[in-house]
Amino acid sequence: MDVRDILTGAIRDALGALGVDPVPEVVQLERPGNPEHGDWSTNVALASAKAASRNPREMGAELAAHLLASPPAHVVGVEVAGPGFVNFHLADSWLHEVLTEVVDAGEDVYARHELGVGTRVIVEFVSANPTGPLHAGHGRGACYGDSVARLYERCGYDVVREFYINDRGLQMQNFADSLAALAAGDEVPEDGYHGQYVVDWAAEMPAGADPLEWGYSRALGAHREVLEDLSIHFDSWFSERSMIATGAIDDTLADLRGVGAVYDHDGAVWLRSSEHGDDKDRVLVKGDGQPTYLMPDVAYHRDKFGRADRLVNVFGADHHGYVARMHAAMALLGYDPEDLRIAITQLVALQRGGREVRLSKRTGEMVELADVVDEVGADAARFTYLLLSVDSPQTFDLDLVSSQVNENPVFYVQYAHARIHQIVRRADEAGFQRGPLSAADLSLLTHSREIHLMRALHELPETVARACREHAPHQVTSWVRDLAASFHGFYHDCRVLGDGVDPALTVARLWLVEGARIGLAVGLDLLGVGAPTEMWWDESTDVPVSEANQREDV
RNA sequence: GCCCUCGUAGCUCAGUCGGAUAGAGCGACCGCCUCCUAAGCGGUAGGCCACAGGUUCGAUUCCUGUCGAGGGCGCCA
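For the first sequence, the positions run 280 to 833 when the numbering used here is used.
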């Protein structure tokens, strides 16, 4: 049983026994930052004193005394502190139990949750127009969306990764016209696409090919390729065109009309989105009878709600204005807008050679995502994209991430994982048998480095659940960095193997190393970053030589 | 003008349902390899959490306003 369940259960029992009325619904436990405040602390006396008409400090003191009279498992001290906090001091045995749980569970099971069993989630991300290659800015949404999907999977949800393809409309035609013009030796039209890639692709295009269909497939192929390089595998590629064949667009409009969610004005069809939080009503069908971009998107989301209980969309900041109208449209169709979760990723600025590189498909000056991956490697790219909260704008410095690797946290973390495997290899070479866990004396793990490492491991399940709930994979990145730091400290101060180390301690430490391995493997997998088993450096080039740049898949 | 995100150490950023003395990396300075990989470890310096109110036992955190940064506000997509 998790130590928190033991403590909260004992606290509630004690409050009841002390005649506190009402016994609070939730008992909050936290890890105090200050070690003097014990291993765990509760503010329950502060939080519930008022409702129970009691003095918080006195209530805390009574609670502490009562708990100390018959202490819960592992508890060796309880005291009241400050305005009424009740602090628990635990024997290290609670952490030895944590390590046992980690090792028993293994990397497939540890920090896995059942929160979402039976709930279907569609995570839609990237969804770039098939009119050109993905650029560096797309990389953030791509890595983020995939990692959010991994978090949902780890929490037991039934997840589909979906890419929505805008494969009809004006942009497609402009793109095709640009290809055709270049292939014919003409100038690109005014509102066409001007990037260098258009020139390259036009040269590739076989004579007689349909520029629209050929360009479409060329762009989509490029998307697929770079995403695969980043270990991002979509389960579903949803074509906008397919909704014309299925009649989904017409059906959606008829549905909206049926519930009075649209009206005709100035020859156009308007959606009453302002009735559900949007700034103004939006046009669905233009005066010329053509649908706006919004119309098929509404139909698409209606389709998704037919396939899932929850929708997660990843939009770039430049599309955030879209959120209100989409929520309104779903509300008008009778869905709960809460079930459409839209994550906004702030923009990525790219830096190279100390100056910013502008991203613009129109001017043609852009850095392709494929170039970023080539330049810094898939692992460094993913880790860097997932380093920050998506609420913060990011400056991705290509020179820094690729060449100054000592400033790059991905190598710090991967190095910890490589060190773990080095210890395991050394133990094998020495013929050292770890033996069964049940035979190991984990109580020998008492060094502060060992304690810190086990504490960090204990936090992983909670971190995963929160990161999923908040759609915040960067919290996993932070955890992984923290665990790596704990491990490097342990590695430095606690020898696992050697003549001076008691064999029983070696066994216990090998199990701790195994626990760290499991934790890092879980965390890195959630980030989609490789976990290399060895890393060596070429000192002449300062380039790490490892699976980091030879990885195949995650 | 309205909407979204943000404002925390010199720089880049974390900060759990509102908790006790606000953290990390980098940069700066000082130390540590006879030993499982020193791309590692330890220490020092560095803060009016943009500003002003409010809510309460308690606010970096929640609410309102001001200032500042980025982005968005079309019968374009």
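For glycine and all other residues, C-beta sits at the position ideal for the given N, C-alpha and C.
Computed from a predicted model, the values in this text were never measured in an experiment.
Query	Result
Whole-angstrom C-beta distance between Leu724 and Val377, which should lie under 8 Å	Actually they do not touch by this definition, with Cβ atoms about 11 Å apart.
Touch test, the segment 339 to 356 against the segment 392 to 405, Cβ-Cβ under 8 Å, three pairs minimum	no
Own chain, CB closer than 8 Å to Gly633, minus 5 neighbours either side, in chain order	Asp678
Leu535 (DSSP reduced to helix, strand or coil)	helix
Same chain, Cβ closer than 7 Å to Ala527, neighbours up to 5 away in sequence not counted	Ala578, Asp582
Buried or exposed (CB count within 10 angstroms, at least 16 for buried), Glu635	exposed
Buried/exposed call for Thr820, threshold 16 Cβ in 10 Å	Caution is warranted here: a pLDDT of 48 is assigned to Thr820, below 50, making its placement in the model unreliable, and the coordinate value is therefore given only provisionally. Thr820 is exposed by the Cβ-count criterion.
As assigned by DSSP and simplified to three states, the class of Ala331	coil
Euclidean distance between Cα positions of Asp832 and Asp508	Below a pLDDT of 50, predicted positions are generally treated as unreliable, and Asp832, at 37, falls in that range; no measurement from the model is reported.
Three-state secondary structure assigned by DSSP to Ile511	coil
For Leu563, the first and last residue of its enclosing beta strand (DSSP E)	561 to 564
Minimum C-alpha distance to Leu308 - residue among Thr287, Pro811, Val548	Thr287
Rounded separation between Val651 and Phe513 - CA only	21 Å
First through last residue of the alpha helix (DSSP H) which encompasses Asp558	No alpha helix (DSSP H) holds Asp558; DSSP gives it neither H nor E.
Whole-angstrom C-beta distance between Ser426 and Leu806, which should lie under 8 Å	6 Å
Boundaries (first-last residue) of the alpha helix (DSSP H) holding Ala660	657 to 664
Rounded Cβ spacing between Val400 and Ala587 (contact assumed at less than 8 Å)	6 Å
One or two residues paired with Ala628 in a DSSP bridge	Thr674
Gln701 versus Gln712 - alpha carbon distance	15 Å
Nonlocal neighbours in the same chain, by C-beta distance under 6 Å from Phe517, ignoring five residues either side	Glu441, Tyr443
Alpha helix (DSSP H) runs wholly inside the segment 579 to 630, at least 4 long, in chain order	601 to 611
Contact under 8 Å by Cβ, Leu369 with Asp292	no
Option nearest Ala764 by Cα separation, candidates Leu716, Ser668, His502, Ala795	Ala795
Backbone CA spacing between Asp534 and Asp560 [nearest angstrom]	17 Å
Assigned exposure category for Arg536 - 16 Cβ within 10 Å defines buried	exposed
Environment of Ala709 [buried if 16+ CB atoms lie within 10 Å]	exposed
Thr525 - DSSP class collapsed to helix/strand/coil	helix
CB contact flag (Gly474, Met605, <8 Å)	no
Residue from Gly798, Ala810, Trp816, Asp804 with nearest C-alpha to Asp383	Gly798
Other residues of its chain near Pro362: CB distance less than 7 Å, five sequence neighbours each side excluded	Leu325, Pro335, Arg336
Secondary structure of Ser668, DSSP reduced to three states	coil
Other residues of its chain near Val302: CB distance less than 7 Å, five sequence neighbours each side excluded	Arg291, Leu294, Gly295
The segment 539 to 557 / the segment 474 to 486 touching (three or more Cβ pairs under 8 Å)	no
Span separating the alpha-carbon of Asp387 from that of Val786	23 Å
Alpha-carbon to alpha-carbon, Val439 and Arg661	20 Å
DSSP-derived helix/strand/coil call for Thr571	coil
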